[in-house]
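Undergrad: Okay, handing you the structure first.
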Amino acid sequence: MALASPAGRRRRRTAPSAVPYVFLTPGIVLFILTFLVPIGYTVWQSLRRVRVSGLGLGRGARREVFAGLSNYREILGDAEFWASMQRALTYGLILVPTMLGLALLLALILDTPRARLRRFGRLAIFLPYAVPSVIASLLWGFLYLPAVSPLHYVLRALDLPQPDLLGGGIMGAVVNIGIWGGVGFNMVVIYTALRAVPHDLYEAARLDGCSEVQIALRIKVPQVMPALIMTGVFSTIATLQVFSEPFTLRPLTNSLQSTWTPLMKIYTDAFVRNDIYTAAAASIVVACATLLVSFGFLRLVQARAFSQEDR
Amino acid sequence: MTTAAPARVAAPVGTVPSRPTARRTRVSLAPTLVLAVGAAYCLLPVAWVLVAATKSPAELFSTFTLAPSTSLWRNITGLSAYGHGVFWRWTVNTAIYAGVGALASSFVSGLSGYTLAKFRFPGRTAIFNVLLAGVLVPGITLALPQYLLIAKLGLANTYLSVLLPSVLSPYGIYLARVYAGAAVSDTLIEAARTDGASEWRILAQVAFPIMRPGLVTIFLFQFVAIWNNFLLPFIMLTDDRKFPLTVGLYTMLNRGNTLPSLYTLTITGALLSILPLIALFLTLQRYWRLDLISGAVKN
């Protein structure tokens, strides 16, 4: 806390009161410009639609009119939209626990002096973070093709049945790309949190006869809970927005329709069907659903993610 | 992991003074094996793209997946010739979008974070909470709204249309605030003020140098976020000479449906675009302050 200077001192110890507002101006202006205004404009667009009069030719034949909640009614009654939401939820329910479970396991191993290959393992597993999801999907997409996949090569050699990864197994194929891209980053975040745990906690537990596994489960995991919650919230937010992975896989398969995920549905509505208004309504619905799910997640794990931030 | 450690440490520690370190660091097989499998899984696609980029179009789907060939140079020249060298244009564009965007973003985040951490003024908590709520606004869901507005302003299909929405990062501001709160001491700022330094000078010569590790972290984060963002440039840009690599490679893959020889060039392009970033990460990773995210930095 900056103290008010005693009277009589000529030199100031506190800043002029306008300074913080000046410093915050770029951030606030950009926040308004790239967050608030677009959101407001989308809400506005979601309440409007084009009315075509006559044959829709000539000036004034297509007019934008107020549509009330009809766009919302349309999107909420759209079976394709619900199917895409359901796929995104399924995707998230498989991806988030698997990815975070693996990340936690690997982080605990990195924190065990008994394991070898720790430095190499950390770098190798973190590497996919540097690969954008479009390129990751491109690489995996080829690796899923029976003519290319080493998995199919082995199964063929052994005369075993080969799974159709880009057909019936498409959900698994998309989830795998998500795990590949996300596990390393989350592992490093959790590992960093583990390293901040004071080591005398472990010494005490060892003296009490705890095994390494017990130490991991009873001391390490509770200590890194805030980091786990944080990674959980961000992963959950990301899953409902899944777009690049299935979108990039589409040229390689027939089993991904153009509305496979909510964002793909929004994209198709807006840019293929040229129905900006329904797409705007769908954006609002998806944003609210995402907020709901992530708040739900926070409530579920007792909202400790931001609590260490001292106000 | 579960089979890794029987309770062998239960033996009183004091009884084995002769080789205590040997006891502690005995290698156990299971965790090492898990790490090795994890590493192999993560390296597989990278190893594959290294090999596949050396194959000719005829070999891509016929020879064994991990058997290298000799066409790497031919593929690179083929890729350079594609669309009059548009691939290299995409590379430059990506560097501009991610580099300039991340630089601007770390400056704005640093400035806002420092202000929110180190000044007491009316509205501070409210402003911070509103910005923080932005962390929970799904980033990609904003792409369509941002497009609608940018198109309205007549800015669609410009560099600005991709750069502008990439600058503000609520998460970056949050990180900068945590870092400034922990690293920049109030006494130092007060001492500078007593010496008559202006607020700008304190910012540039006292606060930012101390916050540098945090700012580097925010820069790398935002760099990856912009480089990873596909939807935003994909809907903002129509001119392929303004594409970043991700959008460019996607359009190549898409055309491969009708022109299969493009697959080899796309794969070569994928290899060339991830190599510099992997190199960047391996060199910069020790400047990462990931304890910022995991919550290990405390005020």
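Read top to bottom, the protein sequences are chains F and R.
Just so we're aligned, residue 2 is where the first sequence starts under our numbering, counting upward by one.
Just so we're aligned, residue 10 is where the second sequence starts under our numbering, counting upward by one.
Just so it is clear, CB atoms sit at the ideal spot from N, CA and C, and this is done for glycine as well.
On a predicted model such as this, the values are computed, not experimentally measured, just so you know.
Could you have a look at R:Ser129 and say whether DSSP puts it in helix, strand or coil?
TA: This sequence places Arg at residue 129 of chain R; Ser is not what is there. Coil at R:Arg129, not helix or strand.
Undergrad: May I ask you to list the residues that DSSP assigns as paired with F:Glu75?
TA: Per DSSP, none; premise fails for F:Glu75.
Undergrad: For the beta strand (DSSP E) containing F:Arg49, name the first residue and the last one.
TA: Element bounds for F:Arg49: Arg49 to Val53.
Undergrad: Run through DSSP, which three-state label would F:Val66 get?
TA: Looking at F:Val66 - three-state DSSP - the assignment turns out to be strand.
Undergrad: How would you list, in chain order, the residues of chain F whose beta-carbon sits under 9 Å from the beta-carbon of R:Leu286?
TA: Under the 9 Å cutoff, chain F gives Ala131, Val132 and Pro133.
Undergrad: For the stretch 55-70 of chain R and the stretch 255-264 of chain R, state whether three or more C-beta atom pairs, one from each stretch, are separated by less than 8 Å.
TA: Because the criterion of three Cβ pairs below 8 Å is not met, the stretch 55-70 of chain R and the stretch 255-264 of chain R do not touch.
Undergrad: Grab me the residues of R:Gly56's own chain with a C-beta within less than 8 Å of its C-beta, minus the 5 sequence neighbours each way, in chain order.
TA: Note on identity: in this sequence residue 56 of chain R is Ala, with Gly being the wrong assignment. Closer than 8 Å at Cβ, skipping near neighbours: Leu75.
Undergrad: Against R:Glu68, what residues of chain F qualify as contacts under a CB-to-CB distance less than 8 Å, listed in chain order?
TA: Going along chain F, no residue has its Cβ under 8 Å from R:Glu68, so there is no contact; the nearest lies around 11 Å.
Undergrad: Within 7 Å of any Cβ in chain R, is that where the Cβ of F:Ala158 sits?
TA: Answer no: the Cβ-Cβ gap between F:Ala158 and chain R never drops below 7 Å.
Undergrad: For a contact meaning CB atoms closer than 8 Å, what does R:Gln155 contact in chain F?
TA: Under the 8 Å cutoff, chain F gives Thr35 and Pro39.
Undergrad: Tell me which same chain residues have a C-beta within less than 7 Å of the C-beta of F:Ser244, skipping the five on either side of it?
TA: Per the sequence shown, the amino acid found at residue 244 of chain F is Phe instead of Ser. Thr262, Leu264 and Met265, listed in sequence order.
Undergrad: From F:Ser284, F:Leu105, F:Arg117 and F:Phe298, pick the residue whose C-alpha is nearest to that of F:Tyr42; which is it?
TA: Closest option to F:Tyr42, Cα to Cα, is F:Ser284.
Undergrad: Which first and last residues belong to the alpha helix (DSSP H) in which R:Thr275 is found?
TA: Segment Ser270 to Leu293, the alpha helix (DSSP H) holding R:Thr275.
Undergrad: Cβ closer than 8 Å: which chain R residues qualify as neighbours of F:Trp141?
TA: By Cβ distance, chain R contributes Pro54.
Undergrad: Going straight from the alpha carbon of F:Gly183 to that of F:Gly173, what length do you get?
TA: Each residue's alpha carbon lies about 15 Å from the other.
Undergrad: Strictly under 7 Å for the Cβ-Cβ distance: is R:Pro269 near chain F by that measure?
TA: No, because no Cβ of chain F sits closer than 7 Å to the Cβ of R:Pro269.
Undergrad: To the nearest angstrom, how far is the alpha carbon of F:Gln242 from that of F:Gln224?
TA: Their backbone Cα atoms lie some 30 Å apart in a straight line.
Undergrad: Check whether the Cβ of R:Pro174 lies closer than 7 Å to any Cβ atom in chain F.
TA: True, the Cβ-Cβ gap to chain F drops below 7 Å.
Undergrad: Is the shortest distance between the beta-carbon of F:Phe298 and the beta-carbons of chain R less than 7 Å?
TA: Output row for F:Phe298: interface = no.
Undergrad: So, is the C-beta of F:Ser236 closer than 7 Å to a C-beta in chain R?
TA: Not an interface residue.
Undergrad: Taking R:Val144 and R:Pro179 to be in contact with their CB atoms under 8 Å, please state how far apart those CB atoms are, rounded to whole angstroms.
TA: The Cβ separation is near 5 Å, so the contact holds.
Undergrad: Going along the chain, which residues of its own chain have a beta-carbon closer than 8 Å to the beta-carbon of R:Leu293, five neighbours each way excluded?
TA: Excluding residues within five positions, the ones whose Cβ falls inside 8 Å are Val225 and Leu229.
Undergrad: Beta-carbon separation of F:Ser256 and F:Ile171 under 7 Å?
TA: Yes, Cβ-Cβ distance for F:Ser256 and F:Ile171 is below 7 Å.
Undergrad: Sort F:Tyr278, F:Leu293, F:Met188 and F:Asp209 by Cα distance to F:Leu107 and report the nearest one.
TA: For F:Leu107, the nearest C-alpha among the options comes from F:Met188.
Undergrad: Under 7 Å, do F:Ile136 and R:Ala279 count as touching if we go by C-beta distance?
TA: Contact: yes.
Undergrad: Does the stretch 120-131 of chain F come close enough to the stretch 35-53 of chain R to have 3 or more Cβ pairs within less than 8 Å?
TA: Yes: the two stretches touch, three or more of their Cβ pairs being nearer than 8 Å.
Undergrad: Hey, would you say R:Ile182 sits closer than 7 Å to R:Gly122, going by beta carbons?
TA: It is a contact, given that the beta carbons lie within the stated cut-off.
Undergrad: State the Cα-Cα distance for the pair R:Thr30 and R:Pro218, rounded to the nearest angstrom.
TA: Legend: pLDDT at R:Thr30 = 46, less than 50; position of this residue unreliable, value from coordinates given subsequently. Going by the C-alpha atoms only, they are around 41 Å apart.
Undergrad: Can you tell me which of the three DSSP states F:Ala80 falls into?
TA: The answer is helix: DSSP assigns F:Ala80 an H, G or I state.
Undergrad: Excluding five sequence neighbours on each side, which residues of the same chain lie with their C-beta closer than 6 Å to the C-beta of F:Phe186?
TA: So the qualifying residues of the chain are Tyr130.
Undergrad: Can you tell me which of R:Asn138, R:Leu281, R:Ala189 and R:Ser170 puts its alpha carbon nearest to the alpha carbon of R:Trp99?
TA: Of the candidates R:Asn138, R:Leu281, R:Ala189 and R:Ser170, the one whose C-alpha sits nearest the C-alpha of R:Trp99 is R:Leu281.
Undergrad: Run the CB neighbour count on F:His153, radius 10 Å, all protein chains shown included, and call it buried at 16 or more, exposed below.
TA: So F:His153 counts as buried.
Undergrad: Helix, strand or coil: which one does DSSP assign to F:Gln1?
TA: This structure leaves residue 1 of chain F out entirely; chain F is present only between 2 and 312.
Undergrad: Compare the C-beta of R:Pro242 against all C-beta atoms of chain F and say whether one is closer than 7 Å.
TA: No - not a single Cβ of chain F is within 7 Å of the one on R:Pro242.
Undergrad: So what does DSSP say about R:Ala165, is it helix, strand or coil?
TA: Looking at R:Ala165 - three-state DSSP - the assignment turns out to be coil, as it is neither helix nor strand.
Undergrad: Of all the CB atoms in chain R, is at least one closer than 7 Å to the CB of F:Ser259?
TA: Not one chain R Cβ lies under 7 Å of F:Ser259.
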